[in-house]
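Trainee:
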Amino acid sequence: MVKSIVDFFKNLPAKKCSKCGKQMEEQHECYGTVCNNCIDIQDL
Ligand SMILES: [Zn+2]
Numbered sequence: 001m002v003k004s005i006v007d008f009f010k011n012l013p014a015k016k017c018s019k020c021g022k023q024m025e026e027q028h029e030c031y032g033t034v035c036n037n038c039i040d041i042q043d044l
């Protein structure tokens, strides 16, 4: 059963930044849907 869960996550599409559309590595959930670069921009 554990293996099927791993496969499920592997089959998920790559996470993309909702701001610049750049493909992101898996990040902590707290980073949301934007890359580190755009998080800085959001602060402005
Ligand atoms: Zn971005």
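So the sequence shown is numbered by the numbering used here: it starts at 1 and just counts up by one. Yeah, the Cβ is synthetic: ideal placement off N, Cα and C, and Gly gets one too. Quick caveat: nothing in here was measured; it's all calculated off a predicted structure.
1) Hey, how far is the Cα of C38 from the Cα of K16?
2) Can you find a heavy atom of ligand 1 that lies under 7 angstroms from the Cβ of K46?
3) Compute the Euclidean distance between the alpha carbons of K53 and K10, then round it to the nearest angstrom.
4) Return helix, strand or coil for K10, following the three-state DSSP convention.
Mentor: Considering the structure as presented:
1) What you label residue 38 is simply residue 38 of the sequence shown in a count that begins at 1. What you label residue 16 is simply residue 16 of the sequence shown in a count that begins at 1. The alpha-carbon atoms of C38 and K16 are separated by roughly 12 angstroms.
2) A question about residue 46 goes unanswered here, because the residues of the chain that appear run from 1 up to 44.
3) Shown here, the chain extends from 1 to 44; a query on residue 53 therefore has no answer.
4) Here residue 10 refers to the residue found at position 10 of the sequence shown. Of the three classes helix, strand and coil, the one that applies to K10 here is helix, per DSSP.
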